[in-house]
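Report on the following structure.
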Amino acid sequence: MTAETSREGTWLESIGLFQQTRAGDHQAAMRLLETSADPATVVHGLFRMLVVFLRGEDADKLERFVDASLRAGAPPLTSPVPGQTLAHAEGLAERLRGEVHLTAAMRELLAAQLPILATATRDGMPDVGPKRSMRVWDERTLIYNENTAGQHLANIRAGSAAVVAVIDRDALDGYRFVGTPQVHEGGDVFAAAVDFAAECGMKPPAAAVLIHLHEVHALAPGATAGTRIA
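First residue of the sequence shown? That's 364 in my numbering, and the numbers climb one at a time after it.
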């Protein structure tokens with residue numbers, strides 16, 4: 364077999380791997396890879412296809428998919444069991460479908476009251492503090508200016524989730540938002556944070572942090588206190 368023939372063969376296997384993955388048959392994809400004479404080259408070809416394919420996808424959609432994957436956790440490590448794999452895939456799809464959409468009431472409370480941010484260290488030690496720059500970025504995302512670059516930022520860089528609580532003491536109402544933080548130290552998000560700081564008379568931020576929301580809990584007293592509402 365010539366080098367050219369071998370190269371064409373592994374490329375066809377890469378295409379086959381992509382097709383099986385696209386069809387959702389990961390077991391067939393694994394069998395194809397296991398029987399390949401050059402699995403590393405086949406995977407390299409698959410990566411090249413994915414790079415081209417993903418360039419055409421909506422960036423926001425891809426970001427939500429990554430966030431949902433992080434929240435869903437790793438699939439089973441043992442020999443693939445169809446039921447387990449299907450349940451994991453359905454759970455991931457459900458997380459993607461069940462996106463949080465901030466209501467008008469949530470937006471108003473976030474704008475009127477002082478939000479409190481909570482993160483945790485790798486050892487589970489909580490860190491809680493007010494974030495007066497916390498605000499709505501879009502219908503499912505919060506943003507705040509990270510000015511101190513202190514413990515919260517260190518926790519986030521270490522993989523901590525973010526929890527934001529906001530309450531109206533007089534109205535006895537409030538919400539707890541749970542999300543995946545994403546640090547921006549450049550680009551459009553950071554530029555928007557710099558502009559926000561200038562408009563509000565704050566010092567320029569060290570970073571901007573988006574919090575991609577995936578849960579909202581009610582904090583109003585009563586039977587639904589602490590329950591998930593979105």
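For glycine and all other residues, C-beta sits at the position ideal for the given N, C-alpha and C.
Taking Ala-528 as the reference, give the member of Ala-571, Ala-570, Ala-569, Glu-578 with the closest Cα. Glu-578
Hey, out of Val-405, Val-491, Val-557, Thr-482, whose CA is closest to Ser-523's CA? Looking at the Cα atoms, Thr-482 is the closest of the given residues.
Asn-518: first and last residue of the uninterrupted beta strand (DSSP E) it sits in: It is not in any beta strand (DSSP E) - Asn-518 instead sits in the alpha helix (DSSP H) that spans 514-520.
Just how far apart, CA to CA, sit Glu-475 and Ala-525? According to the sequence displayed, residue 475 carries Ala and not Glu. If I take the Cα positions, the gap works out to 20 Å.
Do the region 562-575 and the region 502-510 meet, that is, are 3 or more Cβ pairs less than 8 Å apart? Between the region 562-575 and the region 502-510 there are three or more C-beta pairs closer than 8 Å, enough to call the two in contact.
What would DSSP say about Ala-366, mapped onto helix, strand or coil? helix
So, is Gly-408 buried or exposed, given that buried needs 16 or more other C-beta atoms within 10 angstroms? buried
Separation of Thr-384 from Gly-542, as counted between CA atoms: 29 Å
Curious, which full-length alpha helix (DSSP H) runs of at least 4 residues does the region 462-505 contain? 467-475
From Ala-467, Arg-470, Ile-519, pick the residue whose C-alpha is nearest to that of Pro-623; which is it? Nothing can be reported for residue 623: it is not among the residues displayed for the chain, which extend from 364 to 593.
Which residue from Ala-554, Asp-423, Ala-534, His-515 puts its Cα closest to that of Pro-544? His-515
Helix, strand or coil for Ile-530? Go by DSSP, reduced to three states. strand
Look up Pro-567 in the DSSP assignment and say whether it is helix, strand or coil. Reduced to three states, the DSSP call for Pro-567 is coil.
Of the residues Val-499, Ser-399, Glu-367, Asp-486, which one's Cα is nearest the Cα of Gly-608? Absent from the structure is residue 608, since the part of the chain shown begins at 364 and ends at 593.
In terms of residues, what are the limits of the alpha helix (DSSP H) holding Gly-408? In the DSSP assignment, Gly-408 falls within the unbroken alpha helix (DSSP H) covering 402-418.
If I follow the unbroken beta strand (DSSP E) through Arg-539, where does it start and stop? Residues 536-547.
Quick one, are the C-beta atoms of His-547 and Leu-573 less than 9 Å apart? yes
Put Leu-573 into one of helix, strand or coil per three-state DSSP. Here Leu-573 carries a strand assignment [DSSP, helix/strand/coil].
Please state the DSSP three-state secondary structure of Ala-555. helix
Return the CA-CA distance between Pro-478 and Arg-539, expressed in angstroms with no decimal places. About 10 Å.
Would you kindly work out how many angstroms separate the C-alpha atoms of Val-552 and Ala-561, rounded to a whole number? 15 Å
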